[in-house]
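Residue numbers (full-length UniProt numbering): 1 to 226. The C-beta atom is built at its ideal place from N, Cα and C for all residues, glycine as well.
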Amino acid sequence: MAKCIVTHPVTFFSTSTGHSWRYLLAGARSDIKRDKAIIQYARKPGLAHNQRWKYQDGFISSAASPHLVLDIRGGDHKEAAQVFLNHKDATSPTQQWLIQPFEDAKSKEDLALLRPPPLQKHLTDFPQPEDLCDYHRLVYHDHKPSPSPKQVAGAAAFEAMRIYLATQKEKGEPVVTPQARDTLQTLVREQIAALQDLISAQDRGEVLHTAEQAASGYFAREFEGQ
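Okay, structure coming up:
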């Protein structure tokens, strides 16, 4: 059984229609449930249960909900036929897939388009959403000596988002609320204060601002756009 987040060019071939879908990077936004359309966007930094998949016996199933698999709506052979989540059916030919690696110059350009630019660059190299999880691990778990300002900013943004999402889940409250952004910014400031020994005094303000931008940008793209 293969379990993965698709981060490299891949072609999904339907064994029933012969059509293909390239660069399938995510499932439905947020919740995983039947009849949700599959969409394509940049890899989320570690928080995305809807980007994790299992491949077994020709089925591509959601790791979070293994009974839901990729299907072709209506079994349509036309171009732009929609891929969606459906209940697993061993007799359905439209739920059978082959996965084949694919990469060329055009695919690299297409993948680059899936990574939205940051709202504004403050550090020499702005922390990208797909890097935040790695920076969080380096700073909070591996305790990397002398992390870069970018790594500290990205780690703080990720930790603030992690705390916010966990708190909302524990309270049974929605993620998007009128107070969400203010709460998230407060959490970012708390994390930067906790990590201040890793940041030079002259960089502290810039790192804070960059962490706030990284957290806000991620939140806006992944939650407010639903």
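Next on the checklist: Tell me the rounded alpha-carbon separation between P127 and Q96.
Outcome noted: What you label residue 127 is simply residue 127 of the sequence shown in a count that begins at 1. What you label residue 96 is simply residue 96 of the sequence shown in a count that begins at 1. So the two alpha carbons sit approximately 38 Å from each other.
Checklist entry - Between which two residues does the alpha helix (DSSP H) containing S216 stretch? => result For the purposes of this step, residue 216 is taken as the residue at position 216 of the sequence shown. Note, S216: alpha helix (DSSP H), 204-219.
Checklist entry - Of all the options G58, Q179, I192, which has the alpha carbon lying nearest to the alpha carbon of T210? => result As a working note, residue 210 is residue 210 in the sequence shown. Ranking G58, Q179, I192 by Cα distance to T210 puts I192 first.
Item to check | Buried/exposed call for Q202, threshold 16 Cβ in 10 Å | outcome: Translated into positions along the sequence shown, residue 202 becomes position 202. Classification for Q202: exposed.
Checklist entry - How close, in whole Å, do the beta carbons of V83 and L98 come, if the pair is a contact with beta carbons under 8 Å? => result If you number the sequence shown from 1, residue 83 lands on position 83. If you number the sequence shown from 1, residue 98 lands on position 98. That belief does not hold up - the Cβ atoms of V83 and L98 are roughly 14 Å apart, past 8 Å.
Item to check | Coarse secondary structure for I199, derived from DSSP in three states | outcome: Against the sequence shown, residue 199 aligns to sequence position 199. In the structure shown, I199 sits in coil (DSSP, three-state: anything other than H, G, I, E or B).
Next on the checklist: So V64 and R52 are supposed to be a Cβ contact under 8 Å. How far apart are they, rounded?
Outcome noted: Along the sequence shown, read from residue 1 onward, the residue named residue 64 stands at position 64. Along the sequence shown, read from residue 1 onward, the residue named residue 52 stands at position 52. According to the sequence as given, residue 64 is Ala; it is not Val. Sure, about 7 Å apart at Cβ, within 8 Å.
Checklist entry - Which first and last residues belong to the alpha helix (DSSP H) in which D182 is found? => result By 1-based counting over the sequence shown, the position of residue 182 is 182. It spans 180-194 - the alpha helix (DSSP H) in which D182 sits, taken as one unbroken run.
Next on the checklist: For L132 and D89, I'd like the C-alpha separation in whole angstroms.
Outcome noted: For the purposes of this step, residue 132 is identified with residue 132 of the sequence shown, where counting begins at 1. For the purposes of this step, residue 89 is identified with residue 89 of the sequence shown, where counting begins at 1. About 37 Å.
Item to check | Extent of the continuous alpha helix (DSSP H) run through Q151 | outcome: Position 151 of the sequence shown holds residue 151. Element bounds for Q151: 149-171.
Item to check | alpha helix (DSSP H) segment containing H136, residue limits | outcome: Within the sequence shown, the letter at position 136 stands for residue 136. 132-136 is the span of the alpha helix (DSSP H), which, as asked, contains H136.
Next on the checklist: Here's the rule I'm using: 16 or more other beta-carbon atoms within 10 Å means buried, otherwise exposed. How should H141 be labelled?
Outcome noted: On the sequence shown, position 141 is the one that residue 141 refers to. Exposed.
Checklist entry - With contact counted as at least three CB pairs below 8 Å, one residue from each stretch, are the segment 151-165 and the segment 182-198 in contact? => result yes
Item to check | Residues near H156 by beta carbon distance below 7 Å, same chain, minus five either side | outcome: Taking the first residue of the sequence shown as 1, we reach residue 156 at position 156. The question names His, but residue 156 is Ala in the sequence shown. Counting only Cβ-Cβ distances below 7 Å, and skipping sequence neighbours, we find V188, Q191, I192, L195, A211.
Checklist entry - For E222, does the three-state DSSP call read helix, strand or coil? => result One-based indexing of the sequence shown puts residue 222 at position 222. Here E222 sits in helix by DSSP.
Next on the checklist: Quick check on T94: buried or exposed, where buried means 16 or more other Cβ atoms within 10 Å of its Cβ?
Outcome noted: In the sequence shown, residue 94 corresponds to position 94, counting from 1. The residue in question, T94, is buried, as its Cβ has 16 or more Cβ neighbours within 10 Å.
Checklist entry - Taking just the CA atoms, how far does S92 sit from R34? => result Walking along the sequence shown from the start, residue 34 turns up at place 34. Walking along the sequence shown from the start, residue 92 turns up at place 92. Each residue's Cα considered, the two are about 16 Å apart.
Next on the checklist: Going by DSSP in three states, V139 sits in which element: helix, strand or coil?
Outcome noted: The residue labelled residue 139 in the question sits at position 139 within the sequence shown. Helix at V139.
Next on the checklist: If you follow the beta strand (DSSP E) that D71 is in, where does it begin and where does it stop?
Outcome noted: For the purposes of this step, residue 71 is identified with residue 71 of the sequence shown, where counting begins at 1. D71 -> beta strand (DSSP E) spans 68-72.
Checklist entry - So, helix, strand or coil for Q95, using DSSP? => result The count along the sequence shown starts at 1 and reaches residue 95 at position 95. Helix, per DSSP.
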